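Novice:
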Amino acid sequence: MIAKLREIYSLLSRAEKRRLWLLLCLMLLATLIEVVGVGSVFPLLQLLSAPERFAQGPVAVRLQALGLTSVREITLLLIGVFAGFLVLSNLLSVLVLSESSRFAWNNWRNVAIRAFRHYLQRPYGFFLGRNSADLTKVVIQDSEFLGYGVLLPLLQIAAKLLVIAALGVTLLAIEPVATLLLLVLFSAAYGAFSLYSHHKVRAVAAASQSGRTRATRVAAEAFRGIKDLKIFDRSDFFVRQFARETAPVPNAERSMFLLGSAPRYYLEAVTIALVLGGLATAVLLQLDLAAWLPSVGLFVVAGYRMLPLFSQGYLNLNTLLARLVMADTMLADLRAHGESAPAPERPAGAAGPVRIALEDVSFTYAGTAAPALRKVSLVLEPGQKIGLLGRSGGGKSTLIDVLLTLLEPQSGGIRMGAAPIDRSNAHRLRSRIGYVPQSIFLLDRSILANIAFGVDEEDADLPAVVKAAAQADIHAFIASLELGYRTLVGEQGVRLSGGQRQRLGIARALYGDPPVIVFDEATSALDAETEAAVMAAIDRLEGKTVVIAAHRLSALRRCDAVYEVRDGRLIHLGRGDALDRGAA
Ligand SMILES: Nc1ncnc2c1ncn2[C@@H]1O[C@H](COP(=O)(O)OP(=O)(O)O)[C@@H](O)[C@H]1O
Ligand SMILES: [Mg+2]
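Quick note, in our numbering, the sequence shown goes up one by one and the last residue is 589.
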């Protein structure tokens, strides 16, 4: 646990660390005021119970030296001091609450931002093995455990320990024997309980966390696949699954809460038993209770302050333990990859034509035995049109993803011009390639924002967007819309037809005027007429290097060279027009 806390501390920026320590200092101050306030009740009670004896005591002598002689004046003064400290201490407590919650929530935000950036910078291969709903939950919710759920309880525990320690020392100075006795009894009582509960808390926290993660996944999948849910009338199936995944959560949360809160009642019982036992002893021994009143009063006030601290502190500790378990995925991910440098932004402006060569590339997906690419070599000369033909599963998409530097080949490599491409300069290659996949990913924003992808609408180069749309043969359609380029497309472009989505994807790839455009089955899902129109738009791309993957020869008619991709190998077939004529 200590190691994990240190890890979390090391995630804080320097400013955050400074704020953390400032907050602790503020808490210390609040504590001091509180202790002095509690301490001042002792002379007050002494005074009220036995004014004559108090008049000879050390406090009275000092006050008399200051010119306060009458017992009444001194009593009023002490009452005033007591009340003043009480008010001040409560005001400070509110300040501490406000500042610690400010700190914790700001910290949550920073952790969430850092985690979001961290995940986005993982290589593409990382995401092939992870569920997007899980990652969303980690970034939004688990970051809360780490940023808020751990630090706030930790601060609260620290503050409570400070108060308890300070009150303890005060009590120790005034009534050493009774304090020590109580201390031992309390520690034993808490220790016994925590031995049992901490182990259990970890287990139930893990159960609650995994239930929530799986439920999040079910919900995300259901909403993403809403059309299929409707068509197959399967909403109930997902609701039942959701109910099943969330089933362990209430019990786990109840256990966690109970394990944190139950000691309070247990300790209250212990305390009352002690007090009653003490009273009975005093009666039995026929002791003078009046003489004990100040000490008893002191313990009552201190106990009144300390008992809730003990039980809240215990609850905080339980919460802390649980949150540490819940933040495990995130901590492990951050630990495994370390902080990476911010990804370079795609440079603005057009890039010149370029020769790209794949050399003896082999690639095997993680967790699979057979390679998806076996020693593939392919040269893309500037302005050349290359066709990749093959049945589904042959390796076309894998080849293209390697070309896009999304996947890192296990052997072989890529050259751009003469320069070998590696992780450090891969973004330079990517900036020269436009990519159109089979299903276009669309943001739930305007057409403009979708063509000028990842750019604020105000910063988008409108003439370039219009030019790209015209090249993709969709400008006329957009211009016919009431809101034109500001038309919202809906989530995943639900307000557009398949052909329109595809052409938007082409416009996005063309925006920025890259010298190379890659189509991965970009027209395979379209009807013949729409495909022909989209292909005609592709044909008009003069001077660009084009790579087209398709499973129909008809889509590759204009290619200078067509290769078949089968079992991860490339077989040169010939020119597209000759092949098409031969097939016809
Ligand atoms: N993420 C992945 N993990 C494991 N295997 C994969 C993954 N993606 C694709 N494959 C496998 O790699 C092979 C090539 O797939 P792919 O390149 O998508 O073929 P194509 O695009 O020609 O249809 C297939 O056998 C496929 O099952
Ligand atoms: Mg494919």
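Even for Gly, the Cβ is constructed at its ideal location relative to N, Cα and C. Please read these numbers as outputs of a predicted model, since none were measured by experiment.
1) Using DSSP bridges, identify the partner residues of Val366.
2) For Val359, does the three-state DSSP call read helix, strand or coil?
3) Just to confirm, is the Cβ distance from Met331 to Ala210 under 8 Å?
4) Taking 7 Å as the cut-off, is the beta-carbon of Ser402 closer than that to any non-hydrogen atom of ligand 2?
5) For Arg390, is the classification buried or exposed, using 16 other Cβ atoms within 10 angstroms of its Cβ as the cut-off for buried?
6) Within the present structure, is the beta-carbon of Gly417 separated from the nearest heavy atom of ligand 1 by less than 7 Å?
7) Excluding the five sequence neighbours on either side, which residues of its own chain have a C-beta within less than 7 Å of the C-beta of Leu575, listed in chain order?
8) Would you call the stretch 67-86 in contact with the stretch 307-326, where contact means no fewer than 3 C-beta pairs closer than 8 Å?
9) Just how far apart, CA to CA, sit Arg396 and Gly230?
10) Does ligand 1 have even one heavy atom less than 7 Å from the beta-carbon of Gly392?
11) In chain order, what residues of the same chain have a beta carbon less than 6 Å from the beta carbon of Phe191, not counting five sequence neighbours either side?
12) Return yes when the Cβ of Val366 is within less than 8 Å of the Cβ of Leu378, no when it is not.
13) Among residues of its own chain, excluding the 5 on either side of Gln443, which ones have a beta-carbon nearer than 8 Å to its beta-carbon?
14) Could you pull out every residue in the same chain whose Cβ sits closer than 7 Å to the Cβ of Tyr124, ignoring the five residues on either side in sequence?
15) Can you grab the Cα-Cα spacing for the pair Val470 / Ser502, in whole Å?
16) For Ala197, is the classification buried or exposed, using 16 other Cβ atoms within 10 angstroms of its Cβ as the cut-off for buried?
17) Taking all protein chains shown into account, decide if Gly72 is buried (16 or more other Cβ within 10 angstroms of its Cβ) or exposed.
18) Near Glu250, which residues of its chain fall below 7 Å by C-beta distance, leaving aside the five closest residues on each side in sequence?
19) Check whether the Cβ of Glu569 lies closer than 7 Å to any heavy atom of ligand 2, and answer yes or no.
20) Answer with buried or exposed for Glu534, where buried requires no fewer than 16 other C-beta atoms within 10 angstroms of its C-beta.
21) Report the start-end ranges of each beta strand (DSSP E) in the stretch 390-417 that is 3 residues or longer and not cut off at the edges.
22) At a cut-off of 7 Å, is Tyr195 close to ligand 3 when judged by its beta-carbon and the heavy atoms of the ligand?
23) CA-CA distance, Asn321 and Glu12?
24) Go ahead and pull the three-state DSSP assignment for Gly62.
25) Beta strand (DSSP E) containing Ala555: first to last residue?
26) Let me check one thing: in DSSP terms, what residues is Ser451 bridge-paired to?
27) Excluding five sequence neighbours on each side, which residues of the same chain lie with their C-beta closer than 7 Å to the C-beta of Ala465?
28) Pick helix, strand or coil for Glu569, following the three-state DSSP scheme.
29) Comparing C-alpha positions only, which one of Arg437, Pro414, Val441, Gly439 sits nearest to Arg428?
30) Under the three-state reduction of DSSP, which class applies to Pro299: helix, strand or coil?
31) Does the pairing of the stretch 163-173 with the stretch 279-295 give three or more beta-carbon distances under 8 Å?
32) Out of curiosity, what's the CA-to-CA distance linking Ala70 and Leu83?
Specialist: So, to answer that:
1) Val381
2) coil
3) yes
4) yes
5) According to the sequence shown, residue 390 is Lys rather than Arg. Buried, since its Cβ has 16 or more Cβ neighbours within 10 Å.
6) no
7) Val381, Leu383, Tyr568
8) Output reads no: the stretch 307-326 does not touch the stretch 67-86.
9) 26 Å
10) no
11) Same-chain partners within the cutoff: there are none.
12) yes
13) Asp525, Glu526, Ala527, Ser529, Ala530
14) Leu140, Val144
15) Between Val470 and Ser502, the C-alpha separation is close to 20 Å.
16) exposed
17) exposed
18) Gly216, Arg219, Ala220, Val223
19) No, Cβ of Glu569 sits at least 7 Å from all heavy atoms of ligand 2.
20) exposed
21) 390-394
22) Ligand 3 is absent from the structure shown, which contains only ligand 1 and ligand 2.
23) 19 Å
24) coil
25) 550-555
26) Ser451 is bridged to Leu493.
27) Excluding sequence neighbours, Ala465 sits near Leu453, Ala457.
28) For Glu569, the three-state secondary structure derived from DSSP is strand.
29) Pro414
30) helix
31) Output reads no: the stretch 279-295 does not touch the stretch 163-173.
32) Counting only the Cα atoms, Leu83 lies some 16 Å from Ala70.
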